[in-house]
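Trainee: Residue numbers (mature numbering (1 follows the signal peptide of the UniProt record, and there is no 0)): -15 to -1, 1 to 256.
Built from N, CA and C at the ideal position, the CB exists for glycine as well.
Predicted model only: the values in this text are computed from it and were never measured.
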Amino acid sequence: MASLFCCTIVVLTLASNINMLVNSKKAGNVVNTTCLGGGKGGDAVYGSLQFDYYFDSCPIAEEIIFSFVENAVANEPRMAASLLRLHFHDCFVNGCDGSVLLDDTHTFVGEKTAPPNLNSLRGFNVIDQIKMQLEDFCPGTVSCADIVATAARDSIVLPRTNSHPSANMAFLNSLQQVCLSGNSTLTELDYATPETFDNQYYINLLLGQGLLNSDQILVSGNSEVIRLVKTYADDIELFFEDFKNSMLRMGRLMPAQGTDGEIRRNCRFVN
């Protein structure tokens, strides 16, 4: 997938049929207390986080989120990567708390306008639409953090298909044609399957088709890194499994506990 270059060798993924663990998140005094995961007997529990958390309180939650993500990705395939990136940027700043969604006010400067995010992060309108629908069906129930995490999961499921590598020379010729015809240096980072979430990135590296030097250098030095690239290139299911587990670990960063925080009515503002 074109916009997932930041995942490189640090594996972050989700298999198509996984029930994702989603969590509550905290940023200063702005937090979400609910988590997505399973309140039914025997289901996995991680601290205060559970699978199928909304099974009773809002059973239609995941269906609503998926439908909006599916529509957004159908209208613009790049949105899949943008929603995954939104979750990544949220979790790695003070934990997975939905704080990246907050707009600046005259008394508050949030993460949206931070240099790494300004004019870079996308997908906020998709989250807004999901939240509005959830508030209609289950008011004050589903947290903004859980919406972001679940949307990230669904954004991986939707574009997943098998990969089809191309020859190195064909890749170079195609790049030259793109640059000449469009008078531009812009192109897809994954030229083979730009709208598909798969292991094509690793296959590209072994074929000498890493678009950026920082990518291609991964297979030119450290033997352990090269082994990992070859492993994921050869075994897409292992890549999905490792990515899934990494996503779960990331989603458990600094969850809110107990009665901390609030369920925002609008993900852009504190209640």
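1. Determine, using beta carbons only, whether Leu190 and Cys76 come nearer to each other than 9 Å.
2. If you run the structure through DSSP and keep just helix, strand and coil, what is Gln185?
3. Does the Cβ of Ile248 have 16 or more other Cβ atoms within 10 Å, making it buried, or fewer, making it exposed?
4. Among residues of its own chain, excluding the 5 on either side of Ile132, which ones have a beta-carbon nearer than 8 Å to its beta-carbon?
5. Is Phe40 helix, strand or coil by DSSP?
6. Counting Cβ pairs closer than 8 Å, one from the region 121 to 139 and one from the region 83 to 92, do we hit at least three?
7. Would Arg70 be called buried (16 or more neighbouring beta carbons within 10 Å of its own) or exposed?
8. Rounded to the nearest angstrom, what separates Asp121 and Glu180 at their Cα positions?
9. DSSP three-state call for Gln35: helix, strand or coil?
10. Count the other CB atoms within 10 Å of the CB of Ile141; is the residue buried (16 or more) or exposed (fewer)?
Mentor: Considering the structure as presented:
1. Residue mapping note: residue 190 aligns to position 205 of the sequence shown, counting from 1. Residue mapping note: residue 76 aligns to position 91 of the sequence shown, counting from 1. Their beta carbons are not under 9 Å apart, which means Leu190 does not touch Cys76 by this criterion.
2. On the sequence shown, position 200 is the one that residue 185 refers to. Gln185: helix per DSSP, three-state reduction.
3. Against the sequence shown, residue 248 aligns to sequence position 263. That one is buried.
4. Within the sequence shown, the letter at position 147 stands for residue 132. Correct list, in chain order: Ile50, Gly83, Ile112, Ile115, Lys116, Leu119 and Cys252.
5. Here the question's residue 40 lines up with position 55 in the sequence shown. Of the three classes helix, strand and coil, the one that applies to Phe40 here is coil, per DSSP.
6. yes
7. What you label residue 70 is simply residue 85 of the sequence shown in a count that begins at 1. When all chains shown are included, Arg70 counts as buried.
8. Numbered from its first residue, the sequence shown carries residue 121 at position 136. Numbered from its first residue, the sequence shown carries residue 180 at position 195. Using only the alpha carbons, I get a separation of about 32 Å.
9. For the purposes of this step, residue 35 is taken as the residue at position 50 of the sequence shown. Reduced to three states, the DSSP call for Gln35 is strand.
10. As a first step, residue 141 must be located in the sequence shown, where it is residue number 156. When all chains shown are included, Ile141 counts as buried.
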